[in-house]
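Novice: Here it is: the structure, laid out below.
Chains as they are written, first to last, in my numbering: chain G, 404 to 775; chain L, 2 to 506.
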């Protein structure tokens with residue numbers, strides 16, 4: 404099947420947005436929902452609004468663009484393009500007033516069908532979560548995945564990445580929506596996660612391959628996440644924050660918004676607790692989400708099939724694995740595992756490269772999927 | 002009459018030969034100095050005149066022309082005084098010219114005729130040896146330092162008054178002897194065992210010392226990062242004679258030497274406000290920077306992200322080449338700069354523990370971006386420093402981490418490396434570049450498979466891969482094994498620098 408069946412008109416629109424990306428960045432200061440209004444404009448209005456006196460030059464450059472060559476280049480890079488007129492285009496996205504003309508995607512085209520069959524859930528939150536937030540995001544991702552619900556997130560640091568990892572651990576369908584081209588890894592340290600999501604799920608973006616992220620493209624990406632999901636769960640978010648932008652989009656679309664209660668004194672729970680006060684659905688675990696999606700008790704979280712996660716056979720490695728979950732310092736891990744620092748270091752290196760542990764963004768380790 | 006006297010001019014940290022030609026002939030009384038002298042050298046005329054007269058010698062009332070050859074190199078400083086004075090004496094036949102053959106001299110004069118010590122006496126003596134001068138006259142205070150060069154007959158003189166006697170052969174001062182170096186051994190005040198806890202950092206420092214790797218320590222402020230770094234020179238093998246001579250030469254040229262042979266490796270800890278020039282050297286009159294002063298020792302960069310971007314970037318070339326090259330006019334100056342770098346950083350700008358950290362992701366990224374860059378490419382080990390547990394502060398110090406014991410293991414490991422790396426130009430594992438690393442650290446099939454898996458899963462870059470191999474090699478050397486084992490690679494992987502450079506992206 405030809406993955407590039409996106410029609411010329413839609414491709415033209417997608418490349419127009421990419422060409423104007425730098426100018427949009429100049430026009431919009433702080434990332435806000437305003438970008439949605441901008442992207443809803445018609446081609447002529449958008450160019451006029453963004454490019455101003457250089458509008459004609461931009462349109463000329465767009466006319467001169469060889470779409471066939473773009474198609475070829477992206478196809479060689481393994482990126483598919485699905486336009487609004489394709490039957491594979493996610494129907495939920497059509498609710499957006501400014502639905503992206505083309506979705507560029509890395510991954511298997513057949514997985515798109517699964518997005519049609521099952522309602523997806525978006526899990527979003529802060530890039531610097533607490534251990535509590537991380538734990539909840541992971542268990543939500545894993546539980547929902549195990550129940551067959553696709554998990555949408557943004558591949559950002561913190562909650563996003565943890566939700567993706569949980570989804571991968573639950574054997575579900577991870578969907579990452581990026582603020583850059585689907586082949587661009589941002590942040591770069593998520594190279595490995597980007598690859599795993601691509602292999603076992605979908606990496607989507609409205610921006611063509613090779614486009615780098617802009618400040619405005621993050622809220623723009625958030626509207627796609629909100630659009631793809633039946634329900635959006637916010638796990639730890641400051642106020643204001645990008646996660647609240649996502650929940651605003653979800654509410655505007657009439658989709659359900661859920662939030663995980665947090666400490667009332669915590670800065671990164673101010674956003675979520677505020678959502679709850681405003682009537683968001685309180686979520687304490689995957690079961691709450693499933694009840695909301697399918698009706699109370701209609702679908703349960705299957706007794707976690709992959710739990711407990713795989714563990715190494717070597718007793719020292721096992722001791723270090725347990726200790727690494729509890730401590731952030733190598734010396735503490737070594738003391739807990741009753742071994743020398745050098746041996747603990749070796750064990751940690753081993754556990755990481757075997758895939759039992761991953762380093763956290765801010766120090767310390769967390770359990771990972773284990774060897775494939 | 003014409004007389005020629007040889008002296009040496011300090012340039013950077015080494016010296017080059019300068020011939021002082023003095024012509025004294027009948028004519029209007031004048032004293033002209035040519036040959037690109039700077040202000041201090043031009044003022045030398047006044048000092049020489051007064052010193053000669055105050056020493057009971059004759060200052061000829063004739064036309065005196067002094068040329069400093071080679072004439073195209075700028076001459077700086079007061080160290081030419083003695084040579085000019087002796088030249089005047091020889092040209093006016095107050096001392097025999099033959100006495101100057103095969104002899105070099107240097108020194109600053111006071112108006113009373115006393116000789117004052119100069120900077121870079123060791124470099125002068127090394128220059129004399131290089132240029133084949135058997136005898137060197139220096140101010141008395143510089144004599145022990147210059148005498149470190151054993152092939153040169155160094156005599157120290159106190160004042161100009163006796164130089165006539167000396168050159169006439171009526172008086173022979175004692176041959177200068179190098180001052181006794183302080184007793185060998187690890188500095189008692191800086192023993193690793195005094196640092197409580199910090200097991201992870203101690204292990205990393207031991208590996209760093211054994212392989213000459215650069216280290217980055219990460220942890221909150223005030224928990225002993227400086228204390229740990231200060232102990233690294235004591236873990237490195239004691240400097241050999243040639244190395245000690247190099248260290249002494251750098252310090253003498255910078256005017257911070259003790260006049261004795263250095264028996265300890267230097268430890269330099271510049272403040273983070275230092276300029277690029279202060280760090281790598283340079284300037285209108287090129288002076289060695291901190292990295293050169295730390296040559297053969299340790300350069301400690303506390304609060305690495307606070308250092309200026311330009312300063313940190315300037316370190317790239319010296320860390321790769323082991324030397325600083327400074328262009329100055331038409332000449333190129335080389336400063337040796339082979340130091341182990343220990344850098345320290347907080348984990349985030351607010352430096353609070355993770356659960357109370359208030360840094361936004363943006364702030365964190367900016368902070369870490371400042372930390373990234375060319376320097377991180379040269380850092381092989383990243384370790385943690387921690388808040389010491391109260392219990393550890395009262396415990397007895399353990400024998401395993403006595404600096405003496407660690408140094409013994411380090412010396413054995415270094416010996417292995419020298420045998421293996423003989424003829425490659427590298428002295429230790431940390432010196433190996435990518436190609437050399439892959440040649441000298443061969444992996445068998447099982448280990449190759451292991452590294453391929455790790456590389457794939459941990460997204461190691463090419464350089465990151467080389468760093469892991471280098472560190473693994475050192476770990477095996479420390480353990481006294483020639484064969485690399487899986488555990489070495491595993492441990493090396495855990496010190497890798499990941500997240501920092503990537504998070505900053």
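All C-beta atoms, glycine included, are put in the ideal place defined by N, C-alpha and C.
Keep in mind it's a predicted model, so treat the numbers as computed, not measured.
Mind checking who residue 336 (chain L) pairs with in its DSSP beta bridge?
Specialist: Partner(s): L:325.
Novice: Compare the C-beta of residue 465 (chain L) against all C-beta atoms of chain G and say whether one is closer than 7 Å.
Specialist: No, residue 465 (chain L) does not count as interfacial toward chain G.
Novice: Spatial neighbours of residue 734 (chain G) within its chain, please: CB distance less than 7 Å, with the 5 preceding and 5 following residues excluded, ordered by chain position.
Specialist: So the qualifying residues of the chain are 744.
Novice: Looking at chain L, is there any beta carbon in it that lies within less than 7 Å of the beta carbon of residue 669 (chain G)?
Specialist: Judged by the 7 Å Cβ criterion, residue 669 (chain G) is not in contact with chain L.
Novice: Looking at chain G, is there any beta carbon in it that lies within less than 7 Å of the beta carbon of residue 458 (chain L)?
Specialist: By this cut-off, residue 458 (chain L) is an interface position.
Novice: Are there 16 or more other CB atoms within 10 angstroms of the CB of residue 752 (chain G), so buried, or fewer, so exposed?
Specialist: Counting Cβ neighbours within 10 Å, residue 752 (chain G) comes out buried, since at least 16 surround it.
Novice: Using a cut-off of 8 Å between C-beta atoms, extract the partners of residue 756 (chain G) located in chain L.
Specialist: Here the neighbours are 451, 454, 455, 458, 459, 491 and 494.
Novice: Is the CB of residue 775 (chain G) under 7 Å away from at least one CB in chain L?
Specialist: No answer about residue 775 (chain G) holds up, because its pLDDT of 49 lies below 50 and its placement is not dependable.
Novice: Specify the secondary structure class of residue 1 (chain L) as computed by DSSP and reduced to three states.
Specialist: Nothing about residue 1 (chain L) can be read from this structure; chain L reaches only from 2 to 506.
Novice: Does the Cβ of residue 417 (chain G) have 16 or more other Cβ atoms within 10 Å, making it buried, or fewer, making it exposed?
Specialist: Buried, because 16 or more other Cβ atoms sit within 10 Å of the Cβ of residue 417 (chain G).
Novice: Quick one: what's got a C-beta closer than 8 Å to residue 14 (chain L)'s C-beta in the same chain, skipping five residues either side?
Specialist: Here the set comprises 121, 124, 250, 251, 254, 255, 289, 293, 336 and 337.
Novice: Have a look at residue 273 (chain L) and residue 305 (chain L) and give me their C-alpha separation to the nearest angstrom.
Specialist: Taking the straight line joining both Cα atoms gives about 7 Å.
Novice: Under DSSP, the beta strand (DSSP E) around residue 17 (chain L) begins and ends at which residues?
Specialist: That run of the beta strand (DSSP E) goes 15 to 26.
Novice: If you scan the segment 153 to 239 of chain L from start to end, which runs of the alpha helix (DSSP H) of 4 or more residues do you find wholly inside it?
Specialist: With a minimum length of 4 residues, the continuous alpha helix (DSSP H) runs that stay inside the segment 153 to 239 of chain L are 164 to 169, 200 to 212, 226 to 231 and 233 to 236.
Novice: If we cut at 7 Å on Cβ distances, does residue 419 (chain L) have a partner in chain G?
Specialist: By this cut-off, residue 419 (chain L) is not an interface position.
Novice: Mind checking the segment 565 to 599 of chain G against chain L and listing, in chain order, the residues whose C-beta falls within less than 9 Å of any C-beta there?
Specialist: Against chain L - using a Cβ distance shorter than 9 Å - the residues of the segment 565 to 599 of chain G are 588, 589, 590, 591, 592, 593, 594, 595 and 598.
Novice: Please compile the residues from chain G whose C-beta is within a distance smaller than 9 Å of the C-beta of residue 201 (chain L).
Specialist: Within 9 Å Cβ-Cβ: 732, 733, 734, 737, 744, 747 and 748.
Novice: Is the beta carbon of residue 233 (chain L) closer than 7 Å to that of residue 407 (chain L)?
Specialist: Against a cut-off of 7 Å, the Cβ pair of residue 233 (chain L) and residue 407 (chain L) comes out as no contact.
Novice: Using the DSSP secondary-structure output, state which residues sit across from residue 608 (chain G) in a beta bridge.
Specialist: Paired residue(s): G:507.
Novice: Under 7 Å, Cβ to Cβ, is there at least one residue of chain L near residue 419 (chain G)?
Specialist: Output row for residue 419 (chain G): interface = no.
Novice: I need the DSSP call for residue 257 (chain L), collapsed to helix, strand or coil.
Specialist: In the structure shown, residue 257 (chain L) sits in coil (DSSP, three-state: anything other than H, G, I, E or B).
Novice: How long is the line joining the alpha carbons of residue 149 (chain L) and residue 177 (chain L), rounded to whole angstroms?
Specialist: Taking the straight line joining both Cα atoms gives about 9 Å.
Novice: Just tell me which of G:535, G:502 and G:561 has its CA closest to the CA of residue 529 (chain G).
Specialist: Here the closest residue by C-alpha is G:561.
Novice: Are residue 749 (chain G) and residue 739 (chain G) close, meaning C-beta to C-beta below 7 Å?
Specialist: For residue 749 (chain G) and residue 739 (chain G), no; Cβs fall outside 7 Å.
Novice: From G:704, G:682 and G:714, pick the residue whose C-alpha is nearest to that of residue 545 (chain G); which is it?
Specialist: Considering only alpha carbons, the answer is G:704.
Novice: Tell me the DSSP bridge mates of residue 684 (chain G)?
Specialist: According to DSSP, residue 684 (chain G) bridges with G:661.
Novice: Please confirm if residue 501 (chain L) has its CB atom under 7 Å from at least one CB of chain G.
Specialist: Residue confidence is low: residue 501 (chain L) scores 49 on pLDDT, short of 50, so the model does not pin down where it sits. No coordinate-derived value is stated.
Novice: Out of curiosity, what's the CA-to-CA distance linking residue 395 (chain L) and residue 368 (chain L)?
Specialist: Annotation note: pLDDT 49 at residue 395 (chain L) (below 50); position unreliable, coordinate value reported separately. Roughly 35 Å separates the two Cα atoms.
Novice: What residues in its chain sit with their C-beta under 7 Å from that of residue 672 (chain G), if we drop five residues either side in the sequence?
Specialist: Counting only Cβ-Cβ distances below 7 Å, and skipping sequence neighbours, we find 639, 665 and 666.
Novice: Cβ of residue 295 (chain L) within 7 Å of Cβ of residue 317 (chain L)?
Specialist: It is not a contact, given that the beta carbons lie outside the stated cut-off.
Novice: Measuring only the C-alpha atoms, how far is residue 505 (chain G) from residue 478 (chain G)?
Specialist: Rounded to the nearest angstrom, the two C-alpha atoms are 15 Å apart.
Novice: Using DSSP's beta-bridge definition, name the partner residues of residue 637 (chain G).
Specialist: The partner list for residue 637 (chain G) (beta bridge, DSSP) reads G:527 and G:662.
Novice: Can you tell which of G:413, G:462 and G:603 has its C-alpha closest to the C-alpha of residue 572 (chain G)?
Specialist: Nearest option by C-alpha distance: G:603.
Novice: Please list, in chain order, the residues of the segment 469 to 489 of chain L that have any C-beta partner in chain G closer than 7 Å.
Specialist: So the list reads 488, given in the order they occur along the chain.
Novice: Helix, strand or coil for residue 750 (chain G) per DSSP?
Specialist: It is helical.
Novice: Terminal residues of the continuous beta strand (DSSP E) containing residue 281 (chain L)?
Specialist: No beta strand (DSSP E) contains residue 281 (chain L), which is instead part of the alpha helix (DSSP H) from 277 to 281.
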